[in-house]
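Just below is one structure, and these are the notes that go with it.
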Amino acid sequence: MGKKILSESALECIEKEYTEWLDEYQKAVKKVPERLTRFSTVSDLETKPIYTPLDVGNKDFLEDIGFPGKYPFTRGVQGTMYRARLWTMRMFAGLGTSEDTNKRFHYLINHGETGLSTAFDFPTLMGYDTDSPLARGECGKCGVAIDTMEDMQRLFADINLEQVTSSMTINPPASIIWAMYIANAENEGYSRKKLGGTIQNDCLKEFIAQKTLMLPPEPSLRLVTDTVEFGTREVPRWNTISISGYHIREAGSTAVQELAFTIYDGIAYVEEGIKRGLKVDEFAGRLSFFWNSHIDFFEEIAKMRASRRIWARIMKERFGAQDPRSMLMRFHTQTAGCSLTSAEPYNNVIRTTTEALAAILGGTNSLHTNSLDEVYMIPSEEAVLIALRTQQVLADECGVTHVIDPLAGSYFVEALTDKMEEEANVYIRKLDEMGGMVAAIERDYPQMEIADAAFHFQRQVEDGEKIIIGVNKYTSDRPELEFVLKIDEEIERMQVNRTNRYKEKRDKVRFQKAMDEVRRRCEGPPCWENNVMPALIEAVRAGATEQECCDLYRDAFGVYTDPGTF
Amino acid sequence: MEKARKLRILVAKPGLDGHDRGARIVARAFRDAGFEVIYTGCHQTPEQIVSTAIQEDVDMIGLSILSGAHTYSFPRILELLEENNAKDISVVGGGIFPLEDISKLKEIGIKELFEPGARLKDIIDWVSSNISPRRGVVLKK
Numbered sequence: 016m017g018k019k020i021l022s023e024s025a026l027e028c029i030e031k032e033y034t035e036w037l038d039e040y041q042k043a044v045k046k047v048p049e050r051l052t053r054f055s056t057v058s059d060l061e062t063k064p065i066y067t068p069l070d071v072g073n074k075d076f077l078e079d080i081g082f083p084g085k086y087p088f089t090r091g092v093q094g095t096m097y098r099a100r101l102w103t104m105r106m107f108a109g110l111g112t113s114e115d116t117n118k119r120f121h122y123l124i125n126h127g128e129t130g131l132s133t134a135f136d137f138p139t140l141m142g143y144d145t146d147s148p149l150a151r152g153e154c155g156k157c158g159v160a161i162d163t164m165e166d167m168q169r170l171f172a173d174i175n176l177e178q179v180t181s182s183m184t185i186n187p188p189a190s191i192i193w194a195m196y197i198a199n200a201e202n203e204g205y206s207r208k209k210l211g212g213t214i215q216n217d218c219l220k221e222f223i224a225q226k227t228l229m230l231p232p233e234p235s236l237r238l239v240t241d242t243v244e245f246g247t248r249e250v251p252r253w254n255t256i257s258i259s260g261y262h263i264r265e266a267g268s269t270a271v272q273e274l275a276f277t278i279y280d281g282i283a284y285v286e287e288g289i290k291r292g293l294k295v296d297e298f299a300g301r302l303s304f305f306w307n308s309h310i311d312f313f314e315e316i317a318k319m320r321a322s323r324r325i326w327a328r329i330m331k332e333r334f335g336a337q338d339p340r341s342m343l344m345r346f347h348t349q350t351a352g353c354s355l356t357s358a359e360p361y362n363n364v365i366r367t368t369t370e371a372l373a374a375i376l377g378g379t380n381s382l383h384t385n386s387l388d389e390v391y392m393i394p395s396e397e398a399v400l401i402a403l404r405t406q407q408v409l410a411d412e413c414g415v416t417h418v419i420d421p422l423a424g425s426y427f428v429e430a431l432t433d434k435m436e437e438e439a440n441v442y443i444r445k446l447d448e449m450g451g452m453v454a455a456i457e458r459d460y461p462q463m464e465i466a467d468a469a470f471h472f473q474r475q476v477e478d479g480e481k482i483i484i485g486v487n488k489y490t491s492d493r494p495e496l497e498f499v500l501k502i503d504e505e506i507e508r509m510q511v512n513r514t515n516r517y518k519e520k521r522d523k524v525r526f527q528k529a530m531d532e533v534r535r536r537c538e539g540p541p542c543w544e545n546n547v548m549p550a551l552i553e554a555v556r557a558g559a560t561e562q563e564c565c566d567l568y569r570d571a572f573g574v575y576t577d578p579g580t581f
Numbered sequence: 143m144e145k146a147r148k149l150r151i152l153v154a155k156p157g158l159d160g161h162d163r164g165a166r167i168v169a170r171a172f173r174d175a176g177f178e179v180i181y182t183g184c185h186q187t188p189e190q191i192v193s194t195a196i197q198e199d200v201d202m203i204g205l206s207i208l209s210g211a212h213t214y215s216f217p218r219i220l221e222l223l224e225e226n227n228a229k230d231i232s233v234v235g236g237g238i239f240p241l242e243d244i245s246k247l248k249e250i251g252i253k254e255l256f257e258p259g260a261r262l263k264d265i266i267d268w269v270s271s272n273i274s275p276r277r278g279v280v281l282k283k
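Structural data, given as structure tokens:
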């Protein structure tokens, strides 16, 4: 048993004073009314005028807050946090061709970023090569086009893949892109045992929010579990899933929904790993998470602190994990794209700074800061540098990295952290009752909860209950940005040509044999002998393109299309 | 014979981007405003969108796109409407468009483009005053 923070008698004294204070406050606001009829977070959680020990008095310090690096990890996953090592500054980057993106990677590394993060274009994300009719007009626009292993080689040219970790935002085709990454790294002389990085590979949130759709939920989970199993055995430093709330939030969810649905996706992946025959402590330590840092400062800090505590408790109590590494939630954070405005875009720097500060105070392990021009286009060099410098100023100038979890003990932050945990657990119980996340997705439940929240927020903005500067308050004419990046429409033809040339020159016999083996494994029951990863690595070496592997998946597993509910 | 019905709108997501927050919010707002609304869901080709629009006999197509691929899909949709003798279906767009593209798209026949920050009320008012029903249709009061 731990120790309560305050005794019953101390709380009684405080309660008496608090009641008197509240009485005075209410008299005062009768004379000078409050500015708003209701004070609430961006997610619409109502907040009180002040918080006191009464809001946290029943807390058990050791059980609920404790120390960094110790269960339940409320205060951070490492004992030393930013005093020893800052978060990884990892800017999401991808534009045009693999050469263009490689140039951007080097630019960012030369300006002090410490990890890579790859944005793929929509055809790559959806499992189509640039020459697909479905890819028309999309090449390189929202990320880099990767069709073949040669593209992968150009993408990571002159980067030490054992020293720099690479994150790749790729979901349904994650196994294939990862196979290309591993095959390319091995060609370059690196060992798969030493490769560090992340594939997003979170198929469940695609159905819920991001809508990069390809296969139905069950086979999607099977492929995710293949990568988890392969990573556990062969690529031990790789994060095989980045369980992502970011896109759920961008789709319009509340902070609590982001927390609850994402953690529940995590529960589903752990269950699948166990079903495959893995022991929880063998693979849970390689699961990572990804949060959105939205504009409501304290709500985000509370969400991040709560997320670590909820996950630790679930892993220990629900799954019986014993290794602390299975319980600690490491996460990446990206500031909220949806909080940025195309009106007066320079104000976006201020929003991003606030959100980045919240992520740092929330103890993030890695961070992407959005560029001010991302409301128009993927970032220009000028804008991305301001975004990276934002992290560096916060890291080195402001002193916010000197003390670990400096907001612990704030009555408000602790009360809001508790509230986040409590409300997320309500959703988690509901999802349990529905029979798990796949069943809930089939009922359209998380999708419609998010759509309702998004619609509600939009109404609040239009009614002026939620303020967005430059949009519904202090508006002005839209100035043109000086630096909006343009992607040359011509690169599409160039990329189509080189992908076609690549296909022509491969050894057709080796290619066919490798593809037959991938198919055989897809059609067999899920197990190590049928794990697609070793066969995919051979297939991409034998010249298979991304779409050829995805077409095989679509053929073997069927396709999932957006039900289009609103 | 003239048919009497409410204004029918197809909300459609061309291309491969899955950012459907705006499309779904606008679809709901149109429904609440009393229009008949059909939503395609994500990842539609221009061919699929035009075919749905004709089958569903809509008066307007609202295209939502955030990927930058409007440079291909918007002109293609207008072209297909013309080929199918359905130019009386109005086309509007919502999403992120570089300034120079806005004028180009309007020149080729996109009736209006709504950018981030557009208010639902303004979009609905614009539709009510600018979109006429297809030939042979009168609006039910």
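So the protein lines, in turn, are chains E and F.
Residue numbering for the first sequence follows the working numbering, starting at 16 and increasing by one per position.
Residue numbering for the second sequence follows the working numbering, starting at 143 and increasing by one per position.
Glycine included, every Cβ here is placed at the ideal spot set by N, Cα and C.
### Query
Any Cβ of chain E within less than 7 Å of the Cβ of SER209(F)?
Translated into positions along the second sequence, residue 209(F) becomes position 67. Answer yes: the Cβ-Cβ gap between SER209(F) and chain E drops below 7 Å somewhere.
### Query
With 16 other CB atoms within 10 Å as the buried threshold, where does PRO48(E) fall?
Mapped onto the first sequence, residue 48(E) falls at position 33. With fewer than 16 Cβ atoms within 10 Å of its Cβ, PRO48(E) is classed as exposed.
#### Entry: C-beta neighbour in chain F for MET16(E), strict 7 Å
As a first step, residue 16(E) must be located in the first sequence, where it is residue number 1. In this predicted model, MET16(E) has a pLDDT of only 45, less than 50, meaning its place in the structure is not dependable; the value taken from the coordinates is given anyway. False, the Cβ-Cβ gap to chain F never drops below 7 Å.
### Query
In angstroms, rounded to a whole number, what distance separates the CA positions of LEU131(E) and LEU123(E)?
Looking up residue 131(E) in the first sequence gives position 116. Looking up residue 123(E) in the first sequence gives position 108. For LEU131(E) and LEU123(E), the distance between alpha carbons rounds to 9 Å.
### Message
Is there a C-beta anywhere in chain E that falls below 7 Å from the one on ALA175(F)?
### Response
Numbered from 1 along the second sequence, position 33 holds the residue referred to as residue 175(F). Judged by the 7 Å Cβ criterion, ALA175(F) is not in contact with chain E.
### Task
Note down, in chain order, each residue of its chain lying with its Cβ closer than 7 Å to the Cβ of GLY246(E), except the 5 sequence neighbours on either side.
As a working note, residue 246(E) is residue 231 in the first sequence. If we look at GLY246(E) and ignore the five residues flanking it on each side, its Cβ neighbours are TRP253, THR255, ARG301.
### Task
Between the Cα of GLU178(F) and those of PHE216(F), SER232(F), ARG150(F), spot the shortest distance and give me the residue it belongs to.
In the second sequence, counting from the first residue as 1, residue 178(F) sits at position 36. The shortest C-alpha separation from GLU178(F) is found at ARG150(F).
### Under the three-state DSSP convention, the category ARG105(E) falls into
What you label residue 105(E) is simply residue 90 of the first sequence in a count that begins at 1. ARG105(E): strand per DSSP, three-state reduction.
### Query
If you compare alpha carbons, which of ALA559(E), VAL418(E), TYR489(E), PRO549(E) is closest to SER248(E)?
Taking the first sequence and counting its residues from 1, one reaches residue 248(E) at position 233. The amino acid occupying residue 248(E) in the given sequence is Arg; Ser does not appear at that position. Minimum Cα distance to ARG248(E) is reached at PRO549(E).
### Query
Whose Cβ in chain F lies nearer than 8 Å to the Cβ of GLU477(E)?
Stepping through the first sequence from its first residue, residue 477(E) is reached at position 462. Near GLU477(E) (Cβ distances below 8 Å), the residues of chain F are ARG261, LEU262, LYS263.
### Query
Is LEU21(E) close to chain F, meaning its C-beta is less than 7 Å from at least one C-beta of that chain?
Here residue 21(E) is taken as the residue at index 6 of the first sequence, counted from 1. Not closer than 7 Å to any Cβ of chain F, the Cβ of LEU21(E) fails to qualify, so no.
### Query
Got a sec, what are the start and stop residues for the beta strand (DSSP E) VAL279(F) sits in?
Working through the second sequence from its first residue, we reach residue 279(F) at position 137. Per DSSP, VAL279(F) belongs to the beta strand (DSSP E) from 279-281.
### Query
Which runs of the beta strand (DSSP E) spanning at least 3 residues fall entirely within the segment 166-252 of chain F, listed in chain order?
178-181, 202-207, 232-237
### Task
Would you mind working out which of ILE265(F), LYS282(F), VAL279(F) sits nearest ARG168(F), comparing C-alpha positions?
If you number the second sequence from 1, residue 168(F) lands on position 26. The question names Arg, yet the displayed sequence has Val at residue 168(F). With distances taken between Cα atoms, VAL168(F) lies closest to ILE265(F).
### Task
Give the interface partners of PRO275(F) over in chain E, defined as CB-CB distance under 9 Å, in chain order.
Within the second sequence, numbered from 1, the residue matching residue 275(F) stands at position 133. None at all; the shortest Cβ gap to chain E is about 23 Å.
### Message
Any beta carbon of chain F sitting closer than 7 Å to that of ARG151(E)?
### Response
One-based indexing of the first sequence puts residue 151(E) at position 136. Taking Cβ atoms only, chain F reaches closer than 7 Å to ARG151(E), which makes this a yes.
### Message
Checking 7 Å against the spacing of the C-beta atoms, do ALA529(E) and GLU553(E) come in under that value?
### Response
Locating residue 529(E) in the first sequence gives position 514, where the first residue counts as 1. Locating residue 553(E) in the first sequence gives position 538, where the first residue counts as 1. The answer is yes: Cβ separation under 7 Å.
### Query
Should the segment 499-513 of chain E be regarded as contacting the segment 521-538 of chain E, the criterion being three or more beta carbon pairs within less than 8 Å?
no
### Task
Anything in chain F within Cβ reach of ALA469(E), meaning under 8 Å, just list it in chain order.
Along the first sequence, one-based indexing puts residue 469(E) at 454. ARG163, ARG166, ILE167, listed in chain order.
### Message
Measuring straight from C-alpha to C-alpha, what distance separates ASP467(E) and MET342(E)?
### Response
What you label residue 467(E) is simply residue 452 of the first sequence in a count that begins at 1. What you label residue 342(E) is simply residue 327 of the first sequence in a count that begins at 1. Taking the straight line from one Cα to the other gives about 32 Å.
### Message
As a quick exercise: from ASN226(F), LYS155(F), ALA165(F), ILE273(F), pick the residue whose alpha carbon is nearest that of PRO258(F).
### Response
Taking the second sequence and counting its residues from 1, one reaches residue 258(F) at position 116. Of ASN226(F), LYS155(F), ALA165(F), ILE273(F), the residue nearest in Cα terms is ALA165(F).
### Task
Express the C-alpha separation of GLU287(E) and PHE498(E) in angstroms, rounding to a whole number.
Against the first sequence, residue 498(E) aligns to sequence position 483. Against the first sequence, residue 287(E) aligns to sequence position 272. Using only the alpha carbons, I get a separation of about 46 Å.
### Task
Could you have a look at GLU505(E) and say whether DSSP puts it in helix, strand or coil?
Numbered from its first residue, the first sequence carries residue 505(E) at position 490. In the three-state reduction of the DSSP assignment, GLU505(E) falls in the coil class, being assigned neither a helical nor a strand state.
### Contacting residues, own chain, Cβ-Cβ under 6 Å from CYS565(E) (five flanking each side not counted)
For the purposes of this step, residue 565(E) is taken as the residue at position 550 of the first sequence. GLY142, PRO188, listed in sequence order.
#### Entry: Reference ALA336(E); option with closest CA among ALA317(E), ILE289(E), THR356(E)
The residue labelled residue 336(E) in the question sits at position 321 within the first sequence. The residue with the shortest Cα to Cα distance from ALA336(E) is ILE289(E).
### Task
Identify, in the order they occur along the chain, each residue of the same chain with its Cβ nearer than 7 Å to the Cβ of VAL574(E), setting aside the five sequence neighbours on each side.
Position 559 of the first sequence, counted from the start, is the residue given in the question as residue 574(E). If we look at VAL574(E) and ignore the five residues flanking it on each side, its Cβ neighbours are MET229, LEU230.
### Message
In the DSSP output, which residue or residues are listed as bridge partners for ILE393(E)?
### Response
Position 378 of the first sequence, counted from the first residue, corresponds to residue 393(E). For ILE393(E), which the question treats as bridged, DSSP gives no partner whatsoever.
### Task
Could you check if THR227(E) is buried or exposed, using at least 16 other CB atoms within 10 Å of its CB as the buried criterion?
Mapped onto the first sequence, residue 227(E) falls at position 212. THR227(E) is buried by the Cβ-count criterion.
### Contact set between the segment 378-407 of chain E and chain F, restricted to residues whose Cβ is under 8 Å from the partner
VAL390, TYR391, MET392
### Query
Is it buried or exposed for PRO275(F), if we count other Cβ within 10 angstroms and need 16 for buried?
The sequence position of residue 275(F) within the second sequence is 133, counting from 1. The residue is buried, with at least 16 neighbouring Cβ atoms inside 10 Å.
#### Entry: Beta-carbon contacts of MET16(E) that lie in its chain and below 7 Å, excluding the five residues immediately before and after
Walking along the first sequence from the start, residue 16(E) turns up at place 1. Model confidence at MET16(E) stands at a pLDDT of 45, short of 50, so the residue's coordinates are unreliable and nothing is read from them.
### Query
Using the beta-carbon count (16 or more within 10 Å), is SER215(F) buried or exposed?
Walking along the second sequence from the start, residue 215(F) turns up at place 73. Buried is the call here.
### Which listed residue (LEU241(F), GLN186(F), LEU220(F), GLU221(F)) has its alpha carbon closest to that of PRO156(F)
The residue you call residue 156(F) lines up with position 14 of the second sequence. With distances taken between Cα atoms, PRO156(F) lies closest to GLN186(F).
### Query
At what residue ranges does the segment 311-397 of chain E contain a whole run of the alpha helix (DSSP H), taking only runs of 4 or more?
Runs of alpha helix (DSSP H) with 4 or more residues, each lying fully within the segment 311-397 of chain E, are found at 312-328, 339-342, 362-376, listed in chain order.
### Query
So what's LYS156(E) in DSSP terms, helix, strand or just coil?
Within the first sequence, numbered from 1, the residue matching residue 156(E) stands at position 141. Note: LYS156(E) maps to coil in three-state DSSP.
### Cβ neighbours of ARG100(E) in the same chain (closer than 8 Å, five flanking residues each side left out)
For the purposes of this step, residue 100(E) is taken as residue 85 along the first sequence, with counting starting at 1. Here the set comprises GLN93.
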